[in-house]
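Enquirer: Just passing along the structure, written as structure tokens.
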Amino acid sequence: MRACRPTWPHCEAAAPLMRRWWRLALALALLVCGALVGCRHAEPALDAAIRRGTRGLRFSIARWELQQLLRPRPAPPALDQAGRVALVRSYTELVRELKLNEAQLLQQVAAPRPNQARLAALQAERHDLEQSLAWLRPQVQAIVAEQVRAAYRAERIYSPVDRYVRLPVSFPPLAFTLEPLPHVLVVSPRDRIDSIREVLLAPELTIEQMQAIEAAVEAAGYSALV
249 MRACRPTWPH CEAAAPLMRR WWRLALALAL LVCGALVGCR HAEPALDAAI
299 RRGTRGLRFS IARWELQQLL RPRPAPPALD QAGRVALVRS YTELVRELKL
349 NEAQLLQQVA APRPNQARLA ALQAERHDLE QSLAWLRPQV QAIVAEQVRA
399 AYRAERIYSP VDRYVRLPVS FPPLAFTLEP LPHVLVVSPR DRIDSIREVL
449 LAPELTIEQM QAIEAAVEAA GYSALV
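Residue numbers (the numbering used here): 249 to 474.
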């Protein structure tokens, strides 16, 4: 209130009002900070356990976005329409088989006395399925991306500025990605149901890695589930 002169009669009344406004602004800023950051209680032992258990296994959205931006976009395979449909169907069937395999793996791991021979066979099958999917994925992505682009062009949709500039050129280039979703580590106190930490993890985690992460967090006195 340095700008106010002593001879101005409203200065004394304005000062408390300004202080109230500053307090309100500070309270709102703290509320926004809490909403953005989460304002969770610092728990060093838990955070250290999470860092140890997830070292090298976390999923970064920013890194993934950058990788997708820099990833080369191959042309669709030189197949007729029937061949392309068959390729996409083969991919979806392999995805179904992989999900079934993962369910059977979890069943074996959770059993009191796992059948080690069966477990090894399922792990080998999973490896083969993942290799096949990795080989097919770029081709299927290119096929689906071309189909989506063709559908847009059929509707004369080319770019976000179509209403201003009518050029039959698709821009920006269509980026279509088929990838498994990342896993999520959820941490809760043992005395109540409350999610106090959520950490994104790499989608290619093995069951053994998931169990190791859960064990590392549980050793700190918390419940954990990947």
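By construction, the Cβ of each residue, glycine as well, lies at the ideal position given by its N, Cα and C atoms.
Report the rounded CA-to-CA distance for E313 versus V396, giving the unit in angstroms.
Expert: Locating residue 313 in the sequence shown gives position 65, where the first residue counts as 1. Locating residue 396 in the sequence shown gives position 148, where the first residue counts as 1. Rounded to the nearest angstrom, the two C-alpha atoms are 21 Å apart.
Enquirer: Between the region 416–431 and the region 397–407, do three or more beta carbon pairs fall short of 8 Å?
Expert: Enough Cβ pairs lie closer than 8 Å, so yes.
Enquirer: Beta-carbon separation of I444 and V434 under 7 Å?
Expert: Here residue 444 is taken as the residue at index 196 of the sequence shown, counted from 1. Here residue 434 is taken as the residue at index 186 of the sequence shown, counted from 1. Not in contact: I444 and V434 (Cβ atoms no closer than 7 Å).
Enquirer: Could you pull out every residue in the same chain whose Cβ sits closer than 6 Å to the Cβ of E350, ignoring the five residues on either side in sequence?
Expert: To locate residue 350, count along the sequence shown from 1; it is residue 102. If we look at E350 and ignore the five residues flanking it on each side, it has no Cβ neighbours.
Enquirer: Within the region 401–445, note down every full beta strand (DSSP E) run reaching 3 residues or more, in order along the chain.
Expert: Counting only runs of 3 or more, we get 431–436.
Enquirer: Considering only their Cβ atoms, is the gap separating P437 from P451 smaller than 7 Å?
Expert: Against the sequence shown, residue 451 aligns to sequence position 203. Against the sequence shown, residue 437 aligns to sequence position 189. No, they are not a contact pair.
Enquirer: Please classify A262 as buried or exposed, where buried requires at least 16 other C-beta atoms within 10 Å of its C-beta.
Expert: Here the question's residue 262 lines up with position 14 in the sequence shown. Since pLDDT at A262 reaches only 43, below the 50 mark, its modelled position is unreliable, and the value read off the structure follows with that caveat. Exposed, by the Cβ-count rule.
Enquirer: Measuring CA to CA, which of E378, A330, I298, R366 is closest to I426?
Expert: As a working note, residue 426 is residue 178 in the sequence shown. According to the sequence displayed, residue 426 carries Leu and not Ile. Cα-wise, what sits closest to L426 is E378.
Enquirer: Which residue wins for smallest C-alpha separation from L327, given the options Q371, E394, F424?
Expert: Counted from its first residue, the sequence shown places residue 327 at position 79. It is E394 whose Cα lies nearest to the Cα of L327.
Enquirer: If you check the beta carbons only, do A464 and R300 fall under 7 Å apart?
Expert: Within the sequence shown, residue 464 is the residue found at index 216, counting from 1. Within the sequence shown, residue 300 is the residue found at index 52, counting from 1. Taking 7 Å as the Cβ cut-off, A464 and R300 qualify as a contacting pair.
Enquirer: Between G469 and I298, what straight-line distance do the alpha-carbon atoms span, to the nearest angstrom?
Expert: One-based indexing of the sequence shown puts residue 469 at position 221. One-based indexing of the sequence shown puts residue 298 at position 50. C-alpha separation (whole angstroms): 12 Å.
Enquirer: Could you tell me the alpha carbon to alpha carbon distance between R424 and D439, rounded to whole angstroms?
Expert: Taking the first residue of the sequence shown as position 1, residue 424 is located at position 176. Taking the first residue of the sequence shown as position 1, residue 439 is located at position 191. Arg is not the amino acid found at residue 424; the sequence shown has Phe there. Between F424 and D439, the C-alpha separation is close to 44 Å.
Enquirer: Spatial neighbours of V336 within its chain, please: C-beta separation below 8 Å, excluding the five flanking residues on both sides.
Expert: Locating residue 336 in the sequence shown gives position 88, where the first residue counts as 1. Result list for V336: V388, I391, V392, in chain order.
Enquirer: With DSSP collapsed to three states, give me the class of R306.
Expert: Translated into positions along the sequence shown, residue 306 becomes position 58. Note: R306 maps to strand in three-state DSSP.
Enquirer: Can you list, in chain order, the residues of its chain with a C-beta nearer than 8 Å to that of H431? Leave out the 5 residues immediately preceding and following it.
Expert: Position 183 of the sequence shown, counted from the first residue, corresponds to residue 431. If we look at H431 and ignore the five residues flanking it on each side, its Cβ neighbours are F307, L448, L449, A450, P451, L453, M458, V474.
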